[in-house]
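Asker: Read top to bottom, the protein sequences are chains A and B.
So that you can map any letter, position 24 of the first sequence is 4 in the working numbering, and since no number is skipped, the others follow by simple counting.
With the second sequence counted from 1, adding 103 to any position gets you the working numbering.
No residue lacks a Cβ here, since even glycine has one placed at the ideal position from N, Cα and C.
It should be emphasised that the depicted structure is a prediction, and the values quoted were computed from it without experimental measurement.
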Amino acid sequence: MSDARLERIRRDPRFEQLCQSRSRLAWTLSAIVLIVYLGFILLVAFGGAFLATPLVAGGVTTIGIAVGVGVILIAIALTAIYVWKANTTFDDLTRGLLEETR
Amino acid sequence: MMRSLFRPYVAATALALSPTVALAQGAPTAASVNWHAVVMFLVFIGITLYITYWAAKRTKTATDFYAAGRGISALQNGLAIAGDYMSAASFLGIAALVYFNGFYGLNYSVGWLVGWPIVLFLIAERLRNLGKYTFADVAAYRLKREPIRVMAALSTLVVVIFYLIGQMVGAGQLLHTLLPQIQYWQSIIIVGVLIIIYVTFGGMRATTWVQIIKAALLLGGATLLALLVLAHFSFSPGAMFAEAVRIHPAHDAIMKSMAPIGSTPNPIEAISLGLTLMFGTAGLPHILMRFFTVTDAKAARKSVLYGTCFIGYFYILTFIIGFGAIVFVASDPAYLVDAVKGIALKGGANMPAVYLAQALGGDLFLGFIAAVAFATILAVVSGLTLAGASAISHDLYANVIAHGRASEQTEVRVSKAATIALGIVAILLGLAFERQNVAYIVALTFSIAASSNFPILVMAMFWRGLTTRGALAGGYVGLLGSVLLVVLGPTVWGKVLGMGAAVFPIDFPTIITLPAAVIVAWLVSKADNSVAARNERLAFEDEYIRSQTGLGAEGAAVH
């Protein structure tokens, strides 16, 4: 691997495209996870009364339990989105980029 | 009060000498043995030893030893990832936290799970593309190799050792409770010896296969346990919660506990715990190694998805199991230390899931769940020991002491010697921490990982300006700061060392030490005007291109 090849990759518009689209997706999804989770922590820290409210009046299952399980499901869904996107788009971009700058 | 709930275990240890079989039948006899459990334990240990033997014959190179020869499929690796996570701490520990504190236990499940997507989105891809699979390898990529490796190896070792404590304590309590004829200290030694055997002979291949089989068994066992619980309530979780509220001495407080029952909710502590659980994952050495046991990046990503699904599903099960234990275990005086005083259990703080298995499925199911839990501990501890041993052999020995001139054989030999040393350390610490909740101890580990490994790993990959001095300063501040504050915190200072009131008020210092590490690394890097620092900033470009494209890492990536 020579510096020349690194330079060719760096100049290739596809490199820019790959980096931008991947980091946009990665940071967007990370931000969603962070916001959802920090929201959950802040609710636990400051919104105990809300989380302790029963889901249906008179029941015992609380909003907190539903929210907790919901956060787990959201995390799984976001992971699936990333894997699907990366395994289709990004890998093809990378392969083309590496092959044609050889 | 969490602490006073835990205190009766001193008395409980003596009581636990009467076997569990007898306990359930309400007729204690002195020396009867739970043969179901014994047979299950022996079968499991036999199977895992056979796998180790099989793997040992196939482990020839360093890549075999550290990365299982890269021949693991995505689904298998997903199970192994889940296996690393579904440790004794999560299975026994979270179920126990739910048993004692209700809703509060769910915080741990959620926090431990959401770390996964973050690892995948921001770290896994670049790490794999660089062809590096330890924190030290990445940090040393463009920074000065030797001092960085020393720091990385030290923090890896600290994390591994704390994590080992949690697993050892779980294993010791489990074995001792099921086979009271074996004392706690003897069980700890048995566990230590088994781990040394697995890791030194089998390496990553054996560790991975033990993990895969155990993960499948644990998922199956936990599913059955949760189904048995729910079947009693015609599959209505609401009815189960209602019954748990009736039985638990704290009653409806368990449905809204934002902190351990009896302690006042502390927002700072809650936020710090959240940061700890989420970012700690990315700093765990044995987890990062799992991205390299598969053949390509596609498989690595898929395995994370499988792993996340398994872990999420499993954590929801542990929550049901914890509530099930309130209903079926807390209501049965045979399991309790003193039914009048509370729901503290005979045999230790981590037993609710195991007793629940007996209450619902009899001795055979008890034996199965206990043996799976035990295999879990062995598998997780093996993976950890392997990560710790490779920090010593690869980072400290091969790269620093031998200046990169050690042969692969010598490196593997040093790694095996390190495994034995770590096994002995684990035994000693397992004895010292006998009475603590294992989920709690593991969370302390995450605090250290989130404050030392995580910030430096992320900065090295994302911030051009990081220099060797900055990384060292930040890394050591995070590592030493978090260790110091954990030791001065309520659990270690107050409960383990018995020094009275804690010097530092909260258990998880992440909220202070994580930002401190980042700020120090940033300030020191900014102030660093040396020639080396300038070159390190220039080298970022090269690292960046490789980390985005995988250039140069195809197939090469010798550890």
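Whose C-beta lies closer than 7 Å to the C-beta of threonine 42 of chain A among residues of the same chain, with five residues either side of it excluded?
Answerer: Taken in chain order, the residues that qualify are Leu31, Ala32, Thr33, Pro34, Leu35.
Asker: Among B:Phe417, B:Ser554, B:Phe565, which has the Cα closest to the Cα of methionine 381 of chain B?
Answerer: B:Ser554
Asker: Determine the direct distance from the alpha carbon of isoleucine 350 of chain B to that of alanine 521 of chain B, and round the result to whole angstroms.
Answerer: 49 Å
Asker: Measure from the alpha carbon of histidine 497 of chain B to the alpha carbon of each residue in B:Met361, B:Lys444, B:Thr259, B:Met454, then state which is nearest.
Answerer: The shortest C-alpha separation from histidine 497 of chain B is found at B:Thr259.
Asker: Closer than 8 Å, CB to CB, is arginine 4 of chain A near chain B or not?
Answerer: no
Asker: Compute the Euclidean distance between the alpha carbons of alanine 574 of chain B and arginine 252 of chain B, then round it to the nearest angstrom.
Answerer: 11 Å
Asker: If the cut is a Cβ gap below 8 Å, which residues of chain A does proline 608 of chain B touch?
Answerer: None at all; the shortest Cβ gap to chain A is about 15 Å.
Asker: Going by the CB atoms, is the gap between isoleucine 559 of chain B and alanine 55 of chain B shorter than 8 Å?
Answerer: Any property of residue 55 of chain B remains undetermined from this structure, which presents chain B solely from 104 to 662.
Asker: Measuring straight from C-alpha to C-alpha, what distance separates alanine 635 of chain B and tyrosine 301 of chain B?
Answerer: Straight through space, the alpha carbons of tyrosine 301 of chain B and alanine 635 of chain B are spaced by roughly 43 Å.
Asker: In whole angstroms, what is the alpha-carbon distance linking threonine 8 of chain A and tyrosine 202 of chain B?
Answerer: 37 Å
Asker: What are the partner residues of isoleucine 175 of chain B, as DSSP defines its beta bridges?
Answerer: B:Val397
Asker: Looking only at its chain, what residues have a beta carbon closer than 7 Å to the beta carbon of arginine 245 of chain B, apart from the 5 residues adjacent to it on each side?
Answerer: Glu639, Ala642, Phe643, Glu646
Asker: Beta-carbon within less than 6 Å of lysine 519 of chain B's beta-carbon, same chain only, minus the 5 sequence neighbours each way: which residues are those?
Answerer: Thr303
Asker: Pick from B:Val430, B:Met271, B:Lys247: whose alpha carbon is nearest that of leucine 531 of chain B?
Answerer: When each option's Cα is compared against that of leucine 531 of chain B, the closest is B:Met271.
Asker: With a 10 Å radius around its C-beta and 16 neighbouring C-beta atoms as the bar for buried, classify glutamine 0 of chain A as buried or exposed.
Answerer: exposed
Asker: Is any beta-carbon of chain A found at less than 8 Å from that of leucine 233 of chain B?
Answerer: Chain A, which has no Cβ nearer than 8 Å to the Cβ of leucine 233 of chain B, makes this no.
Asker: Which first and last residues belong to the alpha helix (DSSP H) in which alanine 57 of chain A is found?
Answerer: 43 to 65
Asker: So, with DSSP's three-state summary, where would you put proline 34 of chain A?
Answerer: strand
Asker: Under the rule that 16 or more other beta-carbon atoms within 10 Å means buried, what is alanine 354 of chain B, buried or exposed?
Answerer: According to the sequence provided, residue 354 of chain B is histidine. The question's alanine does not apply to it. With fewer than 16 other Cβ atoms within 10 Å, it is exposed.
Asker: Name the DSSP beta bridge partners of leucine 448 of chain B, please?
Answerer: B:Leu439
Asker: On the criterion of 16 or more Cβ atoms from any shown chain inside 10 Å, does tryptophan 324 of chain B qualify as buried, or is it exposed?
Answerer: Just to set this straight, residue 324 of chain B is glycine in the shown sequence, not tryptophan. Buried: at least 16 other Cβ atoms inside 10 Å.
Asker: Since valine 263 of chain B and leucine 420 of chain B should fall inside the 8 Å C-beta cutoff, what is the C-beta to C-beta distance between them, to a whole number of angstroms?
Answerer: Not confirmed; about 27 Å, so no contact.
Asker: Can you find a C-beta in chain B that's less than 8 Å from the C-beta of threonine 41 of chain A?
Answerer: yes
Asker: I'd like to know if isoleucine 127 of chain A contacts chain B, where contact means its C-beta is closer than 8 Å to some C-beta of that chain.
Answerer: The question about residue 127 of chain A has no answer, for chain A in this structure spans -19 to 82.
Asker: When you compare each of B:Gly341, B:Ala605, B:Gly208, B:Ala473 to phenylalanine 144 of chain B by their alpha carbons, which one comes out closest?
Answerer: B:Ala473
Asker: Mind checking glycine 234 of chain B: buried by the 16 CB within 10 Å criterion, or exposed?
Answerer: buried
Asker: Using a beta-carbon distance below 8 Å, is threonine 69 of chain A in contact with chain B?
Answerer: Contact of threonine 69 of chain A with chain B is not assigned, every C-beta pair being separated by 8 Å or more.
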